[in-house]
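Numbering-wise, the working numbering comes out as the position in the sequence shown, counting from 1, plus 1045.
In this text, a Cβ means the ideal position worked out from N, Cα and C, and glycines have one as well.
Heads up: the structure comes next, in structure tokens.
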Amino acid sequence: MNNELLIKMTTDSWRKQIAATNKIFDNLSDEELQHEVAPGRNRGIYLLGHLTAVHDLMLPLLRFEEAKYPELKPVFLDAPDKAVEAIPSAPELRQQWKEVNEALLNHIQDLPAEDWFARHANISKEDFIKEPHRNRLNVLLDRTIHLSNHRGQLLLLQNKRE
């Protein structure tokens, strides 16, 4: 298998997961996002914020640009759901989700094939020589799996309605 094919398969999978997740978020009302996916579990709004924060931090991790919303990290990555009382509203998070993913998709489609196998920002040049698998493509693979996992949780909210 050549590198271009591997990159295409990976980026196509990312796009499909984003599209499927967008569809769920579009189908859930702001009120439905306030519900827990299961008793004692995360609320939909927390998952929206969590995914937005993770994707936002992909921008600097992949060495594309600075994070757009670094203020989301302490609320949605460093703290569990309901630990922070004042969180952004559902409409605000929806807009941030959209902006972050548009930026990511633009960078992803513009990145030359050879640059996918370059190091990400959290590994030094010295360590990358010893661990070349710690590259940008591996980050995208990992985050695609992460997104898919949380998309499954969000489906539980959607299924409560049906």
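- Within the region 1170-1203, the complete alpha helix (DSSP H) runs of at least 4 residues fall at 1170-1175.
- CA-CA distance, ARG1179 to LYS1068, rounds to 31 Å.
- Excluding its 5 nearest sequence neighbours in each direction, GLN1154 has C-beta neighbours in its own chain below 8 Å: THR1056, listed in chain order.
- Relative to PRO1133, the option among ASN1047, ASN1183, ILE1090 and VAL1145 whose CA is nearest is ILE1090.
- Along the length of the region 1055-1110, whole alpha helix (DSSP H) runs at least 4 residues long occupy 1075-1078 and 1089-1106, reported in chain order.
- Only residues of its own chain outside the window of five on either side were considered, and among them HIS1152 have a CB closer than 7 Å to the CB of PHE1109, listed in chain order.
- Excluding residues up to 5 positions away in sequence, GLY1094, THR1097, ALA1098, ASP1101, PRO1133 and GLN1141 lie with their Cβ nearer than 8 Å to the Cβ of LEU1117 in the same chain.
- ARG1164 is bridged by DSSP to ASN1180.
- CA-to-CA, the gap between ARG1086 and ARG1139 works out to about 21 Å.
- With 16 or more other Cβ atoms from the protein chains shown falling within 10 Å of its own Cβ, ILE1063 counts as buried.
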